[in-house]
Ligand SMILES: Nc1ncnc2c1ncn2[C@@H]1O[C@H](COP(=O)(O)OP(=O)(O)OP(=O)(O)O)[C@@H](O)[C@H]1O
Ligand SMILES: [Mg+2]
């Protein structure tokens, strides 16, 4: 069985589902929060008129309250896909629906955590967290309180008045996460948020994120390069192909219970191996591509 | 691309970063002070130069290394003063043209007591501050508009490129023709010279805001106006300040020139007049005054700048 076959099957399955069930009419138990329908994005590259296809024919739906992780070779279009969901760029083809409505631009119903800590350097930790609340026109006093609450939540009590350059990388990322949580978006889009952290910090932030997710019931799309991280965090793992990125396979991660050391579970290893195998060919293809282009 | 006013292909790209000395402006300042990146903390030549005063004023901690630094820095000044005093006395240089420092200081004191120094100082200060303030008030908004609105940039760029390459000195006769020999022509002259570093730095400050920050703010649904107010402006402040500081130096340097060409008062006039009437110690007294004024002005601006950009300083 070839890669293309798998891919086509996945796509057909997704498409039929979208077409047969209209989330607005008959509400299934867990309706789709985000529907990505045949989405493609083409960039124009300066100096050439050859179009650059970043992602193509992406079909994926993310259920309400789901934690979905997304893996794929470097340059396959993961960040591009996240930007599209965020409404920061418009798809060239296809459409993206959130709660059944087409995305037309960014909004406070979605919060993004960027891979590089995109904190405002002239604002303190607290003021950074308040940023989204200001955009939402929350009154000053409530803003303060909420910002403090989320700062506590990510374990940074006492660092209110530090500027980003006075925080460590892990702390900055936690402030960025708190900022996205503070304005209470339904959807959290996270682009390799823990990639630049050491193993210990990463693990504790993973725990924290899971805890927050369980408590708040947000829908999370989480990009990562780490297969372990994808399996550990995700209820489902979406694997992308090399560029132009498509969804190659979506794998359900089902553990009997999340108690104890999940990583020691034999099924963890099995999932890990499955994803690794899926990715191996794609990474090789991506590297080949980069060689021929660059 | 952000360096020039806009991508106007017809105009030869001077490729100069923000803070460039407009061609022809007679200055001896650290030109080309680099436009500091929003987060970078590159100490400029000016910062280092002023560091001496912060040390001297005891603003920093009084640790031993600081003291030795202070000694090293004062040593050069002391040496200069010593040479100035002794060389004329030893006859190495002509005493008439370069009188010893002590004589100059006596002349300076006489001028101070006689009231002339205060009078000239005041005249100069009012002129340079007026031109400088005018430049800040008018040019920063203009720079913001050019940096932010593409159409404004496209419209104004050709004219600005042309004027930017026209020396202020070349325009002084025009200013005098139009505004007469009185105060307005001098203030306009200073204003013109001060405008360029402020304008170019403001434009570059707006254009070089970290795109990720803009993206991050946009993702939170900020309107273009709010984006400008809450992200572009604060991010551009340090770069704008670099321009303001350069302009501060220009305001004094260029005014001096105007006062030498035609004035009845001011430090430039004092220096020129003292030279014509062969009061050489007075001439040097004027020069020392203007140097100290320049230093103090820069020190003031650096202090204000630090206030505004505490978030940038590491250390
Ligand atoms: N604004 C843009 N203009 C042109 N090409 C772009 C643009 N943004 C992304 N690309 C290209 O699209 C492709 C996908 O980029 P993207 O950033 O989505 O990859 P990614 O999967 O997130 O990679 P990584 O895992 O390395 O972060 C890349 O080849 C990139 O060069
Ligand atoms: Mg990416």
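Chains as they are written, first to last, in this note's numbering: chain U, 1 to 294; chain G, 295 to 609.
Every residue, glycine too, gets a C-beta built ideally from N, C-alpha and C.
Keep in mind it's a predicted model, so treat the numbers as computed, not measured.
Host beta strand (DSSP E) of residue i (start-end)
| i | result |
| --- | --- |
| residue 240(U) | 236 to 240 |
| residue 111(U) | 110 to 113 |
| residue 222(U) | 219 to 223 |
| residue 107(U) | From DSSP, residue 107(U) is part of no beta strand (DSSP E); its letter is neither H nor E. |
| residue 460(G) | First-last for residue 460(G): undefined, no H or E at that position. |
| residue 67(U) | 67 to 71 |
| residue 262(U) | No beta strand (DSSP E) holds residue 262(U); DSSP gives it neither H nor E. |
Coarse secondary structure for residue i, derived from DSSP in three states
| i | result |
| --- | --- |
| residue 580(G) | helix |
| residue 45(U) | coil |
| residue 93(U) | strand |
| residue 431(G) | helix |
| residue 425(G) | helix |
| residue 54(U) | strand |
| residue 60(U) | strand |
| residue 156(U) | coil |
| residue 198(U) | coil |
| residue 558(G) | coil |
| residue 138(U) | coil |
| residue 286(U) | helix |
| residue 519(G) | helix |
| residue 119(U) | coil |
| residue 593(G) | helix |
| residue 32(U) | strand |
| residue 448(G) | helix |
| residue 586(G) | helix |
| residue 390(G) | coil |
| residue 437(G) | helix |
| residue 191(U) | strand |
| residue 269(U) | helix |
| residue 146(U) | helix |
| residue 281(U) | helix |
| residue 37(U) | strand |
Spatial neighbours of residue i in its chain, beta-carbon cut-off 7 Å, leaving aside the 5 residues before and after
| i | result |
| --- | --- |
| residue 375(G) | 395 |
| residue 388(G) | none |
| residue 344(G) | Bear in mind that the predicted position of residue 344(G) carries a pLDDT of just 45, short of 50, making it unreliable; the figure below should be weighed with that in mind. Excluding positions up to five away in sequence, the list reads 592, 593 and 596. |
| residue 83(U) | 89 |
| residue 581(G) | 565 |
| residue 129(U) | 147, 150, 151, 175, 178, 179 and 182 |
| residue 381(G) | 387 |
| residue 289(U) | 242 and 243 |
Delimiting residues of the alpha helix (DSSP H) encompassing residue i
| i | result |
| --- | --- |
| residue 169(U) | 169 to 182 |
| residue 539(G) | 527 to 555 |
| residue 562(G) | 561 to 570 |
| residue 248(U) | Careful: residue 248(U) lies outside any alpha helix (DSSP H), inside the beta strand (DSSP E) at 247 to 252. |
| residue 491(G) | 477 to 501 |
| residue 131(U) | 125 to 135 |
| residue 400(G) | 395 to 408 |
| residue 364(G) | 358 to 384 |
| residue 80(U) | 78 to 86 |
| residue 233(U) | 227 to 233 |
| residue 507(G) | 505 to 513 |
Residues near residue i by beta carbon distance below 6 Å, same chain, minus five either side
| i | result |
| --- | --- |
| residue 557(G) | 563 |
| residue 187(U) | 110 and 219 |
| residue 70(U) | 78, 223 and 238 |
| residue 483(G) | 466, 469 and 552 |
| residue 103(U) | 87 and 96 |
| residue 503(G) | 526 and 529 |
Cβ-heavy atom distance, residue i to ligand 3, below 7 Å
| i | result |
| --- | --- |
| residue 74(U) | Absence of ligand 3 is noted for the structure shown, with ligand 1 and ligand 2 being the only ligands found. |
Cβ-based neighbour list, residue i, same chain, cut-off 8 Å, excluding 5 preceding and 5 following
| i | result |
| --- | --- |
| residue 108(U) | 132, 135, 136, 183 and 185 |
| residue 400(G) | 575 |
| residue 217(U) | 65 |
| residue 245(U) | 54, 55, 56, 58, 72, 76, 77, 78, 80 and 81 |
Exercise. How about the stretch 239 to 251 of chain U and the stretch 52 to 68 of chain U: do they share at least three Cβ pairs that are nearer than 8 Å?
Worked result: Judged by Cβ distances under 8 Å, the stretch 239 to 251 of chain U makes contact with the stretch 52 to 68 of chain U, as three or more pairs qualify.
For this session: Please write down, chain order preserved, every residue whose beta carbon lies under 7 Å from a heavy atom of ligand 2.
Result: Output, sorted by chain position: 78(U), 79(U), 115(U), 191(U), 192(U) and 223(U).
For this session: Spell out a yes or no on whether the stretch 208 to 225 of chain U and the stretch 259 to 272 of chain U are touching, meaning 3 or more CB-CB pairs, one atom from each, closer than 8 Å.
Result: Taking one beta carbon from each stretch, the stretch 208 to 225 of chain U and the stretch 259 to 272 of chain U have fewer than 3 pairs nearer than 8 Å; the two do not touch.
For this session: Mind the definition here: the stretch 110 to 125 of chain U touches the stretch 188 to 200 of chain U only if three or more C-beta pairs lie below 8 Å; say whether that holds.
Result: Contact between the stretch 110 to 125 of chain U and the stretch 188 to 200 of chain U is present, because at least three Cβ pairs lie under 8 Å.
For this session: Spell out a yes or no on whether the stretch 33 to 40 of chain U and the stretch 85 to 103 of chain U are touching, meaning 3 or more CB-CB pairs, one atom from each, closer than 8 Å.
Result: Verdict: yes, contact present.
Exercise. Counting pairs of Cβ atoms below 8 Å between the stretch 470 to 481 of chain G and the stretch 519 to 535 of chain G, do you hit three or more?
Worked result: No, they do not touch.
Exercise. Counting Cβ pairs, one atom from each stretch, are 3 or more of them under 8 Å apart for the stretch 491 to 501 of chain G and the stretch 407 to 418 of chain G?
Worked result: No: the two stretches stay apart, fewer than three of their Cβ pairs being nearer than 8 Å.
Exercise. Does the stretch 424 to 434 of chain G come within contact of the stretch 530 to 550 of chain G, defined as at least 3 CB pairs closer than 8 Å?
Worked result: Flag = yes, the stretch 424 to 434 of chain G and the stretch 530 to 550 of chain G touch.
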